[in-house]
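Yeah, the sequence shown ends on 205 if you go by the UniProt record's numbering, and it's all consecutive. We treat Cβ as the ideally placed atom computed from N, Cα and C, and that holds for glycine. This one's a predicted model, so the numbers in the text were calculated from it and none came from an experiment.
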Amino acid sequence: MTNSSSSSQTPTPTTTLSTTSLHHLIASCPIKLKPLNYLIWSTQLLKLIQAMKLTSFIKEGKAESSTIVTVGRGSTTSEIVEVMNAWEEKDVLLRSWISGTMTEESMYLIVGCFSAKEMWDNIEKTYLQATKDKEFQLKQQLQNIKFGSRTTDEYSKELKNICDGLEAIHKHVDEDIKVINFARGLGPKYKTFRTVMLGKLLIPL
1 MTNSSSSSQT
11 PTPTTTLSTT
21 SLHHLIASCP
31 IKLKPLNYLI
41 WSTQLLKLIQ
51 AMKLTSFIKE
61 GKAESSTIVT
71 VGRGSTTSEI
81 VEVMNAWEEK
91 DVLLRSWISG
101 TMTEESMYLI
111 VGCFSAKEMW
121 DNIEKTYLQA
131 TKDKEFQLKQ
141 QLQNIKFGSR
151 TTDEYSKELK
161 NICDGLEAIH
171 KHVDEDIKVI
181 NFARGLGPKY
191 KTFRTVMLGK
201 LLIPL
């Protein structure tokens, strides 16, 4: 039996950007933009924007170039105006679509933006760097994790939290890397165990 609720969340190839389809398109993006999930959010939304053939709106953002391509040189003024109005309407709808996939804490980034490209650029400029900074911080924590005086459960939980944090920003951690850093962080009490674990992976102590 077909799951109608799941199928209704996915835009079909014939879906067009319009006031009637806007709610459906927003619902097709379950991941809402937050400061540290930019990569996942942008990957999700960009695929849909590309499928809708709207990439030029966030990459170029110029109605003039779109108008020339669409109507060609030598077109009448009324034809050019009609195409430019259609372009502006799509840009407004795309802005609504993008803002509909953002959390309230992220909305300040698009205040005062007058095009979808300006919105996209502002979001990327702010959150891409924040994501990179978070990635660097988590990788440093992973490399420097130490067992210390904690219990095995506490140590394992911290390692898991670090790896989950990396996964959340689209940075997968291989199982071998988890094992290596887990073993290296063990103290002298677990020297034999650490040697065995790293030896299996042919990693120098």
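- Boundaries of the alpha helix (DSSP H) around residue 165: 152 to 168.
- Membership of residue 38 in the alpha helix (DSSP H) is indicated by the continuous run 38 to 51.
- Two segments are said to touch when three or more pairs of C-beta atoms, one from each, lie closer than 8 Å; by this definition the region 142 to 151 touches the region 169 to 184.
- An exposed status is given to residue 31, since fewer than 16 other beta-carbon atoms sit within 10 Å of its beta-carbon.
- Residue 174: not part of any alpha helix (DSSP H); DSSP gives it neither H nor E.
- About 7 Å separates the CB atoms of residue 135 and residue 166; that is less than 8 Å, so the two are in contact.
- Going by C-alpha positions, residue 150 is about 15 Å away from residue 183.
- DSSP, reduced to helix, strand and coil, places residue 186 outside both helices and strands of the structure shown, so it counts as coil.
- The Cβ atoms of residue 49 and residue 94 lie closer than 9 Å to each other.
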